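Protein chains: 2
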Amino acid sequence: MTSVDEPARSNGRTRDAARTQAEILDVATREFARVGYAGARVDDIAARTSTTKRMIYYYFGGKEQLFTAVLERAYGVIREAEQRLDVEHLDPVAAIRRLAELTFDHHEQHPDFIRLVSIENIHEAEHIAASEKLGRIGSPALDVIRRILAAGRESGLFTAEVDAVDLHAMISSFCFFRVANRHTFGALFGRDLVDPAQREHYRTMLGDMVIAYLTAERTGG
Amino acid sequence: MTSVDEPARSNGRTRDAARTQAEILDVATREFARVGYAGARVDDIAARTSTTKRMIYYYFGGKEQLFTAVLERAYGVIREAEQRLDVEHLDPVAAIRRLAELTFDHHEQHPDFIRLVSIENIHEAEHIAASEKLGRIGSPALDVIRRILAAGRESGLFTAEVDAVDLHAMISSFCFFRVANRHTFGALFGRDLVDPAQREHYRTMLGDMVIAYLTAERTGG
DNA sequence: TGACTAACTTACCAGTTCGTACATTAGCCA
DNA sequence: TGGCTAATGTACGAACTGGTAAGTTAGTCA
C-alpha cells in the first residue's frame, strides 16, 4: 500500500502531533480506567499506541500530567453532552424526568468516565484541584436544573426549598452507583444492576423517585 | 533500655499470632483504603506495623490475599452492625426512614470501608468473587427491608411493586455517593457533601426521598 | 536546496517492589 | 529442663517501572 509518491513516511504514517497526542490520550484513558492510576503502567500505555513511551513524556511530561490530561478531556466530553441538553420546552415534571433519564443514559454509556471519577476520588481529587481547566468547572446540567426548578416552584408543583446542586447529587448518586458499584453489588446480592433487561425498570425507578421527592408534601416544618 | 531480668522479649512485646495478624489487618486496611490496591506497598504496610514484612507473607501469603482478608474483615464488621438493626418496632414509614438514617450514619462513620468498596469495584470485585467467605453474602439489612416493605404493603401505605434489593440500592446510592465522591463533587461544585453543618440536611433529604418514593401514587399503569 | 526545528526512536538507568532463603528465638509441653 | 514448633527477624535478589540522555528524521521555509 505504500505508494512512492507520498512524502516519505517511515512506517506508513506521517508525522502528526495532534494525532499522536490524541492516540496517547485514547489509550491512556482506557488503561487508567481499566486498572487505576497506580495500576496503570506507562510502558503498557506506550505499547498499546503506535508511538513510543518517549512521546508520552514529550507531550505530557509524565504519568501524573497524563492522567490529568485524561481527566480534562473526559470532563470536556461530559460538558459538551450536557450543553446539548434540550428539555426546557417540557413542563417542569416532564423536564426533570427527562433530565434524569438522560443522566441515566449518559452514565451507562460512559463507564470508563465513571471509573475515572472513582479513581480520582481515591486520590482525593488532587488532579482536578491542580488543573486549571477543571477547578470549579461546574456543570451545564446544573443551570438547566436551576431553571426547571424555578419554573416548577412558580407553577406550585415543586417543594420550594430544593436546591439545584442537591438535586443534581441525588440524580447522579443513583446513576453513578448503578454503574460504579455494579461489580460488588452483583457479587454480594446476585443482581446485575446494569442488566439490559432491567434497564427500563431502573430508569423508571429513578424518574419516579425524583418526581416523588419533588412533588411530595413535606410533613415537617 | 533493655533490662536484663525481663524474660527477654526483644522489644517489649510477647509473641502473639492473633495480635500480629490483627495489627497487620488494621494497617493494611488503612493503607489499601488510602492509596488503593495497586498504590499500596507491602513494605510500607510492614513498616507501619510493629512486625515485619515476612509476617505478612507468613500469615496471609501475599499482597493479593492480604487485600482479600482486609475485605473479608471489613464486610464482617458491616454485617455485624446490620445485625444490630432494631427498627421493626416502628411503623413502616418510620422504620424505613430510620433504616435509611442508620445507613447514612454508617456510611459516614466508615469512609475507609467505602473506599475499599470503590477500589474493589475498580478490580471488578475479583477478590470478593474469589473469596469463600464473601460470595453472595447478602445483607442482614435486606431482610429487615423485606419485612418492613411487606408490612407497609399490607397496611396499604407503600406502593406494591417495590423490591427490597432495589430499595437497598436506592438508599445505598445516596449514602455511598456522598462519601465516595465528595472530593470530585467538592472540587467541581464547591460544595462539601460531608460538611458537618449540612449533615442533618442531607440525612433528612435521604429520608424524604425514600418515603416520597414509597408512598407516592404511581401514575403509569 | 539547504538549514532549522518539531516530531520521533533507541537504549538505558536508578530506584523501587514483591517475594523468599535462611537464621533465630519464645514459649509450651512431656 | 530440655527439646520442639510456631513465630519472628534479616538480608537479599530478580523483575519491574518511571523517567531520561542522546541521537535521528521529516517537513517547512527562507
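Order-wise, the sequence lines are chains A and B.
So the first sequence is numbered by the UniProt record's numbering: it starts at 1 and just counts up by one.
So the second sequence is numbered by the UniProt record's numbering: it starts at 1 and just counts up by one.
Think of the CB as a built atom: it goes at the ideal place given N, C-alpha and C, for glycine as much as any other residue.
Predicted model only: the values in this text are computed from it and were never measured.
#1: Between the alpha carbons of THR20(B) and GLY61(B), how many angstroms are there, rounded?
#2: Are the stretch 148-168 of chain B and the stretch 152-159 of chain A touching, with three or more C-beta to C-beta distances below 8 Å?
#3: Would LEU85(A) pass as a contact of LEU102(A) if the rule is Cβ separation under 9 Å?
#4: According to DSSP, is ARG73(A) helix, strand or coil?
#5: Please confirm whether LEU193(B) has its beta-carbon closer than 9 Å to some beta-carbon of chain A.
#6: Just list the alpha helix (DSSP H) runs in the UniProt domain "HTH tetR-type" (18-78) of chain B, keeping only unbroken ones of 4 residues or longer that don't cross its boundaries, in chain order.
#7: Helix, strand or coil for ARG218(B), going by three-state DSSP, please let me know.
#8: Just checking, does the stretch 123-132 of chain A make contact with the stretch 190-203 of chain B on the three C-beta pairs under 8 Å criterion?
#9: Under DSSP, the alpha helix (DSSP H) around VAL117(A) begins and ends at which residues?
#10: Would the beta-carbon of MET209(B) fall within 9 Å of that of PHE158(B)?
#11: For GLU80(B), which of helix, strand or coil comes out of DSSP?
#12: For ALA216(A), which residues in the same chain have their Cβ closer than 8 Å to its Cβ, ignoring the five residues on either side in sequence?
#13: What separation, rounded to the nearest whole angstrom, lies between the Cα atoms of GLY186(A) and THR184(B)?
#14: Check the Cβ of ILE137(A) against every Cβ in chain B and list those closer than 7 Å, keeping chain order.
#15: Out of curiosity, what's the CA-to-CA distance linking VAL42(A) and LYS53(A)?
#16: Roughly how many angstroms lie between the CA atoms of THR68(A) and GLU88(B), to the nearest whole one?
#17: When DSSP labels each residue in this structure, what does GLY207(B) get in the three-state scheme?
#18: Leaving out the 5 sequence neighbours to the left and right, which residues in its chain are closer than 8 Å to ARG97(B) when beta-carbon positions are compared?
#19: Chain A beta carbons: is any one of them nearer than 9 Å to that of VAL117(B)?
#20: Check the C-beta distance from HIS107(A) over to PHE176(A) and give it rounded, since I have them as a contact under 8 Å.
#21: Could you pull out every residue in the same chain whose Cβ sits closer than 8 Å to the Cβ of PRO140(A), ignoring the five residues on either side in sequence?
#22: Using 9 Å as the limit for Cβ to Cβ distance, is ASP208(A) near chain B?
#23: Relative to the C-alpha of ILE56(B), which candidate in SER118(B), HIS168(B) and GLU23(B) has its C-alpha closest?
#24: Would ILE122(B) pass as a contact of SER118(A) if the rule is Cβ separation under 9 Å?
#25: Tell me whether the beta-carbon of HIS136(B) lies closer than 9 Å to the beta-carbon of LEU188(A).
#26: Could you give the first and the last residue of the continuous alpha helix (DSSP H) run that contains ARG146(A)?
#27: Short of 6 Å in beta carbon distance, which residues of its chain neighbour TYR37(B), apart from the five on each side in sequence? Order them along the chain.
#28: Can you have a look at VAL77(B) and say buried or exposed, based on whether 16 or more other CB atoms are within 10 angstroms of its CB?
#29: I need the DSSP call for ARG97(B), collapsed to helix, strand or coil.
#30: Among LYS133(B), TYR213(B), ASP44(B) and VAL27(B), which residue has its Cα nearest to the Cα of LEU167(B)?
#31: Express the C-alpha separation of ARG30(B) and GLU200(A) in angstroms, rounding to a whole number.
#32: Determine the contact status of SER180(A) and ALA180(B), defining contact as a CB-CB distance below 9 Å.
#33: Determine the extent of the alpha helix (DSSP H) in which residue 255(A) is found, giving its start and end residues.
Straight from the coordinates:
#1: As a position in the second sequence, residue 20(B) is number 20, starting the count at 1. As a position in the second sequence, residue 61(B) is number 61, starting the count at 1. Distance between the alpha carbons of THR20(B) and GLY61(B) is about 14 Å.
#2: no
#3: Residue 85(A) sits at position 85 when you count from the first residue of the first sequence. Residue 102(A) sits at position 102 when you count from the first residue of the first sequence. In contact: LEU85(A) and LEU102(A) (Cβ atoms closer than 9 Å).
#4: Position 73 of the first sequence, counted from the start, is the residue given in the question as residue 73(A). ARG73(A): helix per DSSP, three-state reduction.
#5: Your numbering for residue 193(B) matches position 193 in the second sequence. Output row for LEU193(B): interface = yes.
#6: 42-47 and 53-60
#7: Position 218 of the second sequence, counted from the start, is the residue given in the question as residue 218(B). DSSP places ARG218(B) in coil when its eight states are reduced to three.
#8: no
#9: Residue 117(A) sits at position 117 when you count from the first residue of the first sequence. That run of the alpha helix (DSSP H) goes 111-122.
#10: Translated into the one-based positions of the second sequence, residue 209(B) becomes position 209. Translated into the one-based positions of the second sequence, residue 158(B) becomes position 158. Cβ distance not < 9 Å, so MET209(B) and PHE158(B) don't count as in contact.
#11: For the purposes of this step, residue 80(B) is identified with residue 80 of the second sequence, where counting begins at 1. In the structure shown, GLU80(B) sits in a helix (DSSP, three-state: H, G or I).
#12: Here residue 216(A) refers to the residue found at position 216 when the first sequence is read from its first residue. Contacts found: THR159.
#13: In the first sequence, residue 186(A) corresponds to position 186, counting from 1. In the second sequence, residue 184(B) corresponds to position 184, counting from 1. Cα to Cα, GLY186(A) sits roughly 25 Å from THR184(B).
#14: To locate residue 137(A), count along the first sequence from 1; it is residue 137. Going along chain B in sequence order, the residues near ILE137(A) (Cβ under 7 Å) are LEU188.
#15: Against the first sequence, residue 42(A) aligns to sequence position 42. Against the first sequence, residue 53(A) aligns to sequence position 53. If I take the Cα positions, the gap works out to 7 Å.
#16: Translated into the one-based positions of the first sequence, residue 68(A) becomes position 68. Translated into the one-based positions of the second sequence, residue 88(B) becomes position 88. Near 48 Å, if we compare the C-alpha coordinates of GLU88(B) and THR68(A).
#17: Taking the first residue of the second sequence as 1, we reach residue 207(B) at position 207. GLY207(B): helix per DSSP, three-state reduction.
#18: Within the second sequence, numbered from 1, the residue matching residue 97(B) stands at position 97. Hits under 8 Å: GLY207, VAL210 and ILE211.
#19: As a working mapping, residue 117(B) is identified with position 117 in the second sequence. VAL117(B) counts as touching chain A.
#20: On the first sequence, residue 107(A) is found 107 positions in, with the first residue counted as 1. On the first sequence, residue 176(A) is found 176 positions in, with the first residue counted as 1. Contact holds; Cβ gap of about 6 Å.
#21: Translated into positions along the first sequence, residue 140(A) becomes position 140. Cβ neighbours of PRO140(A) beyond the five flanking positions: ARG79, GLU82, GLN83 and LEU85.
#22: Position 208 of the first sequence, counted from the start, is the residue given in the question as residue 208(A). At least one chain B Cβ lies under 9 Å of ASP208(A).
#23: For the purposes of this step, residue 56(B) is taken as residue 56 along the second sequence, with counting starting at 1. Here the closest residue by C-alpha is GLU23(B).
#24: In the second sequence, counting from the first residue as 1, residue 122(B) sits at position 122. In the first sequence, counting from the first residue as 1, residue 118(A) sits at position 118. Yes, the pair counts as a contact, with Cβ atoms nearer than the cut-off.
#25: As a working note, residue 136(B) is residue 136 in the second sequence. As a working note, residue 188(A) is residue 188 in the first sequence. Checking the sequence, you will find Arg at residue 136(B) rather than His. It is a contact, given that the beta carbons lie within the stated cut-off.
#26: Counting from one through the first sequence, the residue named residue 146(A) turns up at place 146. Its alpha helix (DSSP H) spans residues 140-154.
#27: Stepping through the second sequence from its first residue, residue 37(B) is reached at position 37. Taken in chain order, the residues that qualify are PHE67 and ILE119.
#28: Position 77 of the second sequence holds residue 77(B). Exposed, because fewer than 16 other Cβ atoms sit within 10 Å of the Cβ of VAL77(B).
#29: To locate residue 97(B), count along the second sequence from 1; it is residue 97. Helix.
#30: Numbered from 1 along the second sequence, position 167 holds the residue referred to as residue 167(B). The option with the nearest alpha carbon to LEU167(B) is TYR213(B).
#31: Translated into positions along the first sequence, residue 200(A) becomes position 200. Translated into positions along the second sequence, residue 30(B) becomes position 30. Cα-Cα distance, rounded: 39 Å.
#32: In the first sequence, counting from the first residue as 1, residue 180(A) sits at position 180. In the second sequence, counting from the first residue as 1, residue 180(B) sits at position 180. Note that residue 180(A) corresponds to Ala in the displayed sequence, not to Ser. Yes, the Cβ-Cβ distance between ALA180(A) and ALA180(B) is below 9 Å.
#33: Lying outside 1 to 221, the shown extent of chain A, residue 255(A) is not represented and no answer is given.
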